[in-house]
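First up is the structure itself, then whatever we jot down about it.
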Amino acid sequence: MNSLYIDGRWLSPAGRELMPVINPATEEVIGSIVDADDRDVAAAFAAARRALPEWSARPVGERAAYLDALAGALRDNGERLAVLAASEIGMPLAESRGVQVALPEAVLRSTAQAARDLDWEYRDISESTVLREPVGVVLGITPWNFPVHQLVAKLAPALAAGCTIVLKPAELTPLNALFLAELCDQVGLPAGVVNLVTGRGSTTGEKLVQSRAYDLVSFTGSLAVGRHIGAVAGDRVVRATLELGGKSPAVVMDDADLEAAVRTTVRNCFTNAGQKCNAPTRLIVPETDRSRAMGIATAAAAEYRLGDPLDPGTTMGPMASDMQRDKVLRYVDGARERGATVAGGRRADRPTGFFVEPAVITDVDEADPVVQEEIFGPVLVILGHQGEADAIRIANDTPYGLSAELWSADPAQTARLVRGIRAGQVRVNGVRSPHPPVAPFGGYKASGLGRELGAFGLEEYLEVKAVLGTFEGEAG
Numbered sequence: 001m002n003s004l005y006i007d008g009r010w011l012s013p014a015g016r017e018l019m020p021v022i023n024p025a026t027e028e029v030i031g032s033i034v035d036a037d038d039r040d041v042a043a044a045f046a047a048a049r050r051a052l053p054e055w056s057a058r059p060v061g062e063r064a065a066y067l068d069a070l071a072g073a074l075r076d077n078g079e080r081l082a083v084l085a086a087s088e089i090g091m092p093l094a095e096s097r098g099v100q101v102a103l104p105e106a107v108l109r110s111t112a113q114a115a116r117d118l119d120w121e122y123r124d125i126s127e128s129t130v131l132r133e134p135v136g137v138v139l140g141i142t143p144w145n146f147p148v149h150q151l152v153a154k155l156a157p158a159l160a161a162g163c164t165i166v167l168k169p170a171e172l173t174p175l176n177a178l179f180l181a182e183l184c185d186q187v188g189l190p191a192g193v194v195n196l197v198t199g200r201g202s203t204t205g206e207k208l209v210q211s212r213a214y215d216l217v218s219f220t221g222s223l224a225v226g227r228h229i230g231a232v233a234g235d236r237v238v239r240a241t242l243e244l245g246g247k248s249p250a251v252v253m254d255d256a257d258l259e260a261a262v263r264t265t266v267r268n269c270f271t272n273a274g275q276k277c278n279a280p281t282r283l284i285v286p287e288t289d290r291s292r293a294m295g296i297a298t299a300a301a302a303e304y305r306l307g308d309p310l311d312p313g314t315t316m317g318p319m320a321s322d323m324q325r326d327k328v329l330r331y332v333d334g335a336r337e338r339g340a341t342v343a344g345g346r347r348a349d350r351p352t353g354f355f356v357e358p359a360v361i362t363d364v365d366e367a368d369p370v371v372q373e374e375i376f377g378p379v380l381v382i383l384g385h386q387g388e389a390d391a392i393r394i395a396n397d398t399p400y401g402l403s404a405e406l407w408s409a410d411p412a413q414t415a416r417l418v419r420g421i422r423a424g425q426v427r428v429n430g431v432r433s434p435h436p437p438v439a440p441f442g443g444y445k446a447s448g449l450g451r452e453l454g455a456f457g458l459e460e461y462l463e464v465k466a467v468l469g470t471f472e473g474e475a476g
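Numbering of the sequence shown is given in this note's numbering, commencing with residue 1 and proceeding in unit increments.
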């Protein structure tokens, strides 16, 4: 498909460059998209601005009902979407069903409920009336690693808040975004409430960011691009929510079950072939257990079966692109050349596809790039600590603070670790994201600004107005 979805219509504008979409497992072209230009960008923002007054005036319950309807449409078309997402990104189909279909459906439903539960208008102790109102037109720019979930994590709270939105998906994985736009059209969302334009980040994305037509920008992606977007928004004094990645630790204490902790960390690190912002890529174990942990992790990594994402036996797919594959290999080869012990981490011997063997690395300096920088591939680094204080120090010793995992049988020690680790989420003893998905997601330090999911995610898209004096409002 090479269309844009603007003002409730599918457009196939002439004279725009067409960009191929590649299946990273087969290297075959599976579609094409338009590299949108200034005219398309202006049309999308104009449509969103026109739709804003009517959409924001609708009762909260009515907006929430649209999210529930979209969740139902996503569920009904779930298998088609899971296969499409697996083909675009290379994620094994079983994973795709969970994070590209089931999770976005749950986010839509939980966001609808959060909107129903929110106190949109209330009196404070000064007898002033406090109102929550939509921030306005939103620009949402999403990454390629969990494309459907990331789109919905922006779309759902924006619409629930009464905002309208212009979405720009990553150029590597745009077809699932077009599929989602079809579902928005199918459930009857009013024209202009949701608009979608495609293209490169350096062209279409930059045109969108430089536009003066939005009231909030929500971006998920790299730190470098996030800094640029934050600077543009800051210069305009426009709100920006930025989720910029991580280098998350998994801290294991000496009273934990080392086998369970290491194997769980490997599994969580290598989800989606490690292309995951909150993957626990630094395993921090007692120094006396480091050699044993390396053996457990290496054995667990060797169990992965690389192959066709649509094959039920496949447990790890390819990197999303040849550039991403080459980036991962440069990091691993560099660590190997600097004297690290590396198991795996070589280009997989397959006839097609951007495959990399999972890598486990140890005997590496804490300042090494593989320890400090987000690689976004199946690479786990094992470090040794000398006790609780040292474990906290190492856990906090990167520019990021998105997520952390910890393993301890001592409740008091667990509490100290939770409070000592500077991260937006801390997962204790193997607990994953609970349902409904309303726990706030976002990070400290260079991991970004703002939160997604649940009530905290909804608040990002709202302004707060205080009315001093007599006012007879109507909530919702």
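The beta carbon of each residue, even a glycine, is placed where N, CA and C say it ideally should be.
Check: Given this structure, state the Cα-to-Cα distance separating Glu463 from Leu310, to the nearest angstrom.; Outcome: 44 Å
Check: Going by beta carbon distance, what residues of the same chain come within less than 7 Å of Tyr331, once the five residues before and after it are set aside?; Outcome: Pro369, Val370, Ile375 and Val379
Check: Look up Ser96 in the DSSP assignment and say whether it is helix, strand or coil.; Outcome: helix
Check: Excluding sequence positions up to five away, which residues of its chain have a Cβ less than 8 Å from the Cβ of Arg300?; Outcome: Sequence check: residue 300 is Ala here, not Arg. Excluding positions up to five away in sequence, the list reads Val262, Arg263, Val266 and Arg267.
Check: For a test of the three-state rule: what should DSSP assign to Thr271, helix, strand or coil?; Outcome: helix
Check: Does the region 222-230 come within contact of the region 150-164, defined as at least 3 CB pairs closer than 8 Å?; Outcome: no
Check: Which same chain residues end up closer than 6 Å to Asp349 when comparing Cβ atoms and leaving out the 5 residues on each side of it in sequence?; Outcome: none
Check: Taking 8 Å as the cut-off, decide whether the C-beta atoms of Arg282 and Ala250 are in contact.; Outcome: yes
Check: Can you give the Cα-Cα distance for Thr288 and Tyr66, rounded to whole angstroms?; Outcome: 55 Å
Check: For Gln413 and Val428, what's the separation of their Cα atoms in angstroms?; Outcome: 12 Å
Check: Do the CB positions of Pro92 and Thr314 come within less than 8 Å of each other?; Outcome: yes
Check: Flag this pair as yes or no: are the beta carbons of Phe354 and Ser321 separated by less than 8 Å?; Outcome: yes
Check: For Glu121, write down the residues that DSSP places opposite it in a beta bridge.; Outcome: Leu131
Check: Going along the chain, which unbroken runs of the alpha helix (DSSP H) with 4 or more residues stay wholly within the region 325-382?; Outcome: 369-372
Check: Once the 5 residues before and after Ala498 are set aside, which same chain residues still bring their CB inside 6 Å of it?; Outcome: Because the chain spans 1 through 476 in this model, residue 498 falls outside it and cannot be assessed.
Check: Taking 8 Å as the cut-off, does the region 119-130 touch the region 27-40 (at least 3 CB pairs, one atom from each stretch)?; Outcome: no
Check: Count Cβ pairs between the region 429-442 and the region 454-471 that sit closer than 8 Å; are there 3 or more?; Outcome: yes
Check: Please state if the CB of Asn278 and the CB of Leu180 are separated by a distance shorter than 8 Å.; Outcome: no
Check: Under 8 Å, with one C-beta from each stretch per pair, do the region 207-220 and the region 104-114 reach the 3-pair mark?; Outcome: no
Check: Classify Ala170: buried if its beta carbon has 16 or more other beta carbons within 10 angstroms, exposed otherwise.; Outcome: buried
Check: Considering only the beta carbon of each residue, do Leu406 and Ile394 sit closer than 8 Å?; Outcome: no
Check: Which of the three DSSP states, helix, strand or coil, is assigned to Met294?; Outcome: helix
Check: Rounded to the nearest angstrom, how far is the Cβ of Thr142 from that of Glu460, given a contact under 8 Å?; Outcome: Contact flag wrong, Cβ pair sits at about 15 Å.
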